[in-house]
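Trainee: Those sequence lines, one after another, are chains A and B. Going by full-length UniProt numbering, the first residue of the first sequence is number 1, and it counts up by one from there. Going by full-length UniProt numbering, the first residue of the second sequence is number 1, and it counts up by one from there. First, the structure itself, so that you have it in front of you.
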Amino acid sequence: MSVNEDDVRKMAVLARIAMPDEEIAGLVPELNNILHWVEQLGEVDVTGVEPMASVIHNKQRLRDDVINADPQTAGGVRDKVLANAPMAEHGFFGVPKVIE
Amino acid sequence: MSNLTDLGIKEIRDGVRAGSFSAREVAEAHIEQVSKAKALNAFLIETPDHALAAADAADKAKAAGEELAPLAGVPIGMKDLFCTEGVEARAASAILDGFTPTYESTVSGKLFAAGAGMLGKLNMDQFAMGSSNETSAFGNVVSPWRRNDGGNTDMSPGGSSGGSSAAVAARLCPGATGTDTGGSIRQPAAFTGISGIKPTYGRCSRWGIIAFASSLDQAGSMARDVTDCAIMLEAMAGYDPKDSTSLNAPVPNWEAGLNADLKGKRVGIPKEYRIDGTPAEINALWDQGAAWLKDAGAEIVEVSLPHTKYALPAYYIIAPAEASSNLARYDGVRYGHRELPDGAGLQDMYAETREAGFGAEVKRRIMIGTYVLSAGFYDAYYTQAQKVRTLIARDFEQVWQQCDVLLTPTAPSASFGLGEKSNDPIAMYLNDVFAVPASMAGLPAMSVPGGLDSQGLPLGLQIIGKELDEQGVLNAGLAIEQRAGFAARPEAWW
Numbered sequence: 001m002s003v004n005e006d007d008v009r010k011m012a013v014l015a016r017i018a019m020p021d022e023e024i025a026g027l028v029p030e031l032n033n034i035l036h037w038v039e040q041l042g043e044v045d046v047t048g049v050e051p052m053a054s055v056i057h058n059k060q061r062l063r064d065d066v067i068n069a070d071p072q073t074a075g076g077v078r079d080k081v082l083a084n085a086p087m088a089e090h091g092f093f094g095v096p097k098v099i100e
Numbered sequence: 001m002s003n004l005t006d007l008g009i010k011e012i013r014d015g016v017r018a019g020s021f022s023a024r025e026v027a028e029a030h031i032e033q034v035s036k037a038k039a040l041n042a043f044l045i046e047t048p049d050h051a052l053a054a055a056d057a058a059d060k061a062k063a064a065g066e067e068l069a070p071l072a073g074v075p076i077g078m079k080d081l082f083c084t085e086g087v088e089a090r091a092a093s094a095i096l097d098g099f100t101p102t103y104e105s106t107v108s109g110k111l112f113a114a115g116a117g118m119l120g121k122l123n124m125d126q127f128a129m130g131s132s133n134e135t136s137a138f139g140n141v142v143s144p145w146r147r148n149d150g151g152n153t154d155m156s157p158g159g160s161s162g163g164s165s166a167a168v169a170a171r172l173c174p175g176a177t178g179t180d181t182g183g184s185i186r187q188p189a190a191f192t193g194i195s196g197i198k199p200t201y202g203r204c205s206r207w208g209i210i211a212f213a214s215s216l217d218q219a220g221s222m223a224r225d226v227t228d229c230a231i232m233l234e235a236m237a238g239y240d241p242k243d244s245t246s247l248n249a250p251v252p253n254w255e256a257g258l259n260a261d262l263k264g265k266r267v268g269i270p271k272e273y274r275i276d277g278t279p280a281e282i283n284a285l286w287d288q289g290a291a292w293l294k295d296a297g298a299e300i301v302e303v304s305l306p307h308t309k310y311a312l313p314a315y316y317i318i319a320p321a322e323a324s325s326n327l328a329r330y331d332g333v334r335y336g337h338r339e340l341p342d343g344a345g346l347q348d349m350y351a352e353t354r355e356a357g358f359g360a361e362v363k364r365r366i367m368i369g370t371y372v373l374s375a376g377f378y379d380a381y382y383t384q385a386q387k388v389r390t391l392i393a394r395d396f397e398q399v400w401q402q403c404d405v406l407l408t409p410t411a412p413s414a415s416f417g418l419g420e421k422s423n424d425p426i427a428m429y430l431n432d433v434f435a436v437p438a439s440m441a442g443l444p445a446m447s448v449p450g451g452l453d454s455q456g457l458p459l460g461l462q463i464i465g466k467e468l469d470e471q472g473v474l475n476a477g478l479a480i481e482q483r484a485g486f487a488a489r490p491e492a493w494w
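Below you can see the structure in the form of structure tokens.
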């Protein structure tokens with residue numbers, strides 16, 4: 001399969017990257033080279049093979065259902081969470097107005 | 001005492017314990033080396049106060065007659081992928097500019113609890129995407145090694161842990177953290193003549209490590225010999241309830257278990273790793289490596305891993321797919337860089353922020369990942385790659401019936417000049433051809449230096465082991481190290 005400029009433009013929209021036209025045009029041959037190269041995987045007979053979900057023999061774990069089990073990851077750290085925000089107001093992240 | 005920077009982790013640890021020198025002297029000697037090595041561009045941020053505080057704590061404990069922690073007095077370098085509380089963590093990207101974690105990654109926290117001090121944050125390929133260290137937003141890392149042609153070409157330290165490999169090779173620190181997604185510890189170790197181990201997936205917690213491809217990413221240690229790698233890895237590894245993929249298995253005492261006697265062990269030589277175009281010098285070193293392991297008592301057997309050639313293309317579907325998902329979190333809302341053109345709405349802000357904040361290689365991989373996960377292509381690319389991954393892991397499971405470890409070259413070339421391969425993404429990806437299969441199967445693997453090529457550049461040998469058998473990998477590595485007697489070091493020009 002090959003991609004053209006329209007496909008790449010659509011991908012850029014899906015990926016939320018505002019690419020100018022010249023960057024889109026440059027990516028078309030690069031992505032096509034990579035896609036043609038990975039297409040050799042089509043040669044492999046995968047009849048009856050399950051796709052790998054986990055690389056190690058590890059059981060899926062769930063955390064205990066308790067509040068504030070770990071002080072670093074649970075609640076009560078609002079100021080720390082907001083400390084790196086480009087804009088924070090009144091204890092919230094600040095973003096441009098959204099009008100739909 | 002200028003030669004303190006020639007000492008490895010074990011020598012520093014033992015020397016501080018014995019009182020041969022103080023931890024502060026060690027820290028100061030390394031801080032001075034770091035400050036003099038700007039030309040390598042290995043450190044993004046220097047944190048001398050952190051290293052000195054840890055050193056003073058070690059000296060104080062020693063003076064008080066307390067038992068010293070396992071890495072007391074050892075200053076290390078920290079790859080910029082690890083979040084450390086209060087020190088900027090950017091994964092060598094522009095989009096994380098200004099991001100200062102308010103928390104500590106599990107691995108760095110364990111190292112600090114073991115007494116290690118941090119000399120600074122090490123440069124790397126942006127978001128760990130690259131095999132040459134040419135994708136950092138803060139400029140390339142330059143290898144301390146040079147070709148013996150007198151041309152002074154700047155050489156690649158390998159990637160993505162190239163700041164780590166350059167710093168350890170140049171004696172700026174005795175050990176450094178690395179992360180390996182498809183070879184990012186082993187290939188830079190090979191390029192710079194040091195040792196590096198990627199443990200079994202799940203040995204080291206990924207909590208607080210900036211994610212690239214979550215099913216592959218694994219932290220490990222980089223140092224100048226096998227013993228130092230073992231000591232440092234022991235301090236990094238262990239179960240972490242905060243990472244659901246962390247392995248709930250005890251961490252063995254790898255240093256105490258080191259044993260280069262390989263009697264009764266079988267070493268497999270996978271025939272599919274003989275690839276056309278590999279330089280004769282690398283194949284000759286591979287044969288030499290097998291002879292060294294035989295000398296250590298091992299039996300050498302030829303084995304087959306039939307799906308080897310599909311590991312790299314499968315990797316370049318799976319890793320970008322996971323990356324496109326992981327990197328979706330960088331949108332300029334909660335941390336890092338924000339682009340807000342006049343009149344922009346929320347969607348424009350996301351798109352402009354990501355366009356400005358990501359480098360070319362990161363965007364390329366996000367785009368590939370977005371494509372292979374998109375409706376209509378998901379099964380043809382992503383599911384197919386995941387099925388091939390199952391077959392690659394199955395190859396390894398079957399080969400362990402014939403041997404205990406595998407021996408291969410680490411990379412298909414020695415270091416190359418910066419810029420010599422950067423125009424061809426696939427040529428660059430091919431540099432990880434020997435390293436990627438073990439990553440795809442989650443297996444422990446390490447690179448140890450084997451010798452120099454005709455240009456005077458280091459070449460590495462790779463040992464791949466069974467799940468959770470880091471000891472077997474380290475022991476085979478030690479057997480090679482003892483026989484290779486690799487003592488070459490880059491001459492200081494920086």
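Virtual Cβ for every residue (Gly too), placed ideally from N, Cα, C.
Examine chain B for any beta-carbon lying closer than 9 Å to the beta-carbon of A/G42, and answer yes or no.
Mentor: Yes, its Cβ sits closer than 9 Å to a Cβ of chain B.
Trainee: By the 7 Å beta-carbon criterion, what residues does the region 64-93 of chain A contribute toward chain B?
Mentor: Correct list: D70, Q72, T73, K80, A83, N84, A85, P86 and F93.
Trainee: Are there three or more Cβ pairs, one per stretch, closer than 8 Å when the region 8-15 of chain B is compared with the region 230-240 of chain B?
Mentor: With a cut-off of 8 Å, the region 230-240 of chain B and the region 8-15 of chain B count as touching, because enough Cβ pairs lie within range.
Trainee: Starting from B/G442, find everything on chain A with Cβ-Cβ shorter than 8 Å and list it in chain order.
Mentor: Near B/G442 (Cβ distances below 8 Å), the residues of chain A are V55 and I56.
Trainee: My understanding is that B/L373 touches A/V44, with C-beta atoms under 8 Å, so please give their C-beta distance in whole angstroms.
Mentor: That belief does not hold up - the Cβ atoms of B/L373 and A/V44 are roughly 20 Å apart, past 8 Å.
Trainee: Are B/K421 and B/L443 closer than 9 Å when you measure CB to CB?
Mentor: Not in contact: B/K421 and B/L443 (Cβ atoms no closer than 9 Å).
Trainee: In the DSSP assignment, the alpha helix (DSSP H) including B/R266 goes from what residue to what residue?
Mentor: Premise fails: B/R266 lies in the beta strand (DSSP E), R266 to P270, not in any alpha helix (DSSP H).
Trainee: To the nearest whole angstrom, what separates the beta carbons of B/M236 and B/V87, a pair I think is in contact under 8 Å?
Mentor: That pair is no contact at about 18 Å.
Trainee: Using a C-beta cutoff of 9 Å, does B/M1 count as contacting chain A?
Mentor: Only weak support exists for where B/M1 lies, its pLDDT of 45 falling under 50; the value from the coordinates is given anyway. Not closer than 9 Å to any Cβ of chain A, the Cβ of B/M1 fails to qualify, so no.
Trainee: By DSSP's criteria, A/F92 is part of a beta bridge. Which residues make up the other side?
Mentor: In the DSSP output, where bridge partners are listed per residue, A/F92 has A/E89.
Trainee: I need the straight-line Cα distance from B/E281 to B/D453, nearest angstrom please.
Mentor: Roughly 7 Å between the two C-alpha positions.
Trainee: Pull up the DSSP beta-bridge partners for B/T308, would you.
Mentor: Its beta-bridge partners do not exist; DSSP assigns none.
Trainee: Alpha carbons only, please: which of A/K59, A/V55 and A/F93 is nearest the one belonging to A/R78?
Mentor: Checked all of A/K59, A/V55 and A/F93; the closest Cα to A/R78 is A/F93.
Trainee: Listed in chain order, which residues of the region 457-485 of chain B have Cβ atoms closer than 7 Å to some Cβ of chain A?
Mentor: The region 457-485 of chain B vs chain A, Cβ under 7 Å: E467.
Trainee: Work out the CA separation of B/A492 and B/Q33 for me, nearest whole Å.
Mentor: About 11 Å.
Trainee: Use the C-beta contact count for B/N475: other C-beta atoms within 10 angstroms, 16 or more gives buried, fewer gives exposed.
Mentor: Flag for B/N475 reads buried.
Trainee: Is there a Cβ of chain A sitting closer than 9 Å to that of B/D217, yes or no?
Mentor: Chain A contact via Cβ: absent.
Trainee: Of the residues B/D225, B/Q288, B/G65 and B/T308, which one's Cα is nearest the Cα of B/I300?
Mentor: Residue B/Q288 is the option with its Cα nearest to B/I300.
Trainee: Looking only at C-alpha atoms, which of B/M129, B/N152 and B/G162 sits nearest to B/T181?
Mentor: The residue with the shortest Cα to Cα distance from B/T181 is B/M129.
Trainee: Return the residue from the list B/I464, B/Q187, B/R266 and B/D14 that minimises the CA-CA distance to B/D125.
Mentor: Of the candidates B/I464, B/Q187, B/R266 and B/D14, the one whose C-alpha sits nearest the C-alpha of B/D125 is B/Q187.
Trainee: Roughly how many angstroms separate the alpha carbons of B/M1 and B/E25, rounded to a whole number?
Mentor: Its pLDDT being 45, under 50, B/M1 is placed unreliably in this model, and the value from its coordinates should be taken loosely. Each residue's alpha carbon lies about 8 Å from the other.
Trainee: Extract the residue ranges of the alpha helix (DSSP H) inside the region 336-412 of chain B, only unbroken runs of 4 or more that lie entirely within it.
Mentor: Entirely contained in the region 336-412 of chain B, the alpha helix (DSSP H) runs reaching 4 residues are, in chain order, 346-357, 360-373 and 384-399.
Trainee: Which value, in whole angstroms, describes the spacing of the CA atoms of B/K363 and B/V16?
Mentor: Taking the straight line joining both Cα atoms gives about 47 Å.
Trainee: With a cut-off of 9 Å, does the C-beta of B/E272 fall near any C-beta of chain A?
Mentor: No, B/E272 lies away from the interface with chain A (no Cβ there is under 9 Å from its Cβ).
Trainee: In terms of residue numbering, what span does the beta strand (DSSP E) encompassing B/A280 cover?
Mentor: Taken as a continuous stretch (DSSP letters only), B/A280 belongs to no beta strand (DSSP E), being part of the alpha helix (DSSP H) at A280 to D295.
Trainee: Measuring only the C-alpha atoms, how far is A/M19 from A/M11?
Mentor: Using only the alpha carbons, I get a separation of about 10 Å.
Trainee: Does A/A15 have its Cβ less than 9 Å from a Cβ in chain B?
Mentor: Interface residue, yes.
Trainee: On the DSSP bridge list, what partners appear for B/I12?
Mentor: In DSSP, B/I12 forms no bridge with anything.
Trainee: Going by DSSP in three states, B/L216 sits in which element: helix, strand or coil?
Mentor: Correct three-state label for B/L216: coil.
Trainee: I think B/R217 touches B/T177, with their Cβ atoms under 8 Å apart; what is that distance to the nearest whole Å?
Mentor: Reading off the sequence shown, one finds Asp at residue 217 of chain B, where the question assumed Arg. That pair is no contact at about 13 Å.
Trainee: Can you pull the chain A residues whose beta carbon is under 8 Å from the beta carbon of B/Y239, in chain order?
Mentor: Result: empty, since nearest Cβ-Cβ is about 10 Å, beyond 8 Å.
Trainee: As an exercise, report each continuous alpha helix (DSSP H) stretch of at least 4 residues that is fully enclosed by the region 173-201 of chain B, in chain order.
Mentor: 186-192, all fully within the region 173-201 of chain B.
Trainee: Applying a beta-carbon distance threshold of less than 8 Å, which residues of chain A neighbour B/T200?
Mentor: Result: I56.
Trainee: Just verifying my parser: in three-state terms, what is the DSSP assignment at A/M1?
Mentor: DSSP places A/M1 in coil when its eight states are reduced to three.
Trainee: Select from B/L305, B/A72 and B/S246 the residue whose C-alpha is nearest the C-alpha of B/R394.
Mentor: Selected option, being the one with the closest Cα: B/L305.
Trainee: Taking only beta-carbon atoms, is B/A445 less than 9 Å away from chain A?
Mentor: It does not: the Cβ of B/A445 has no partner Cβ on chain A nearer than 9 Å.
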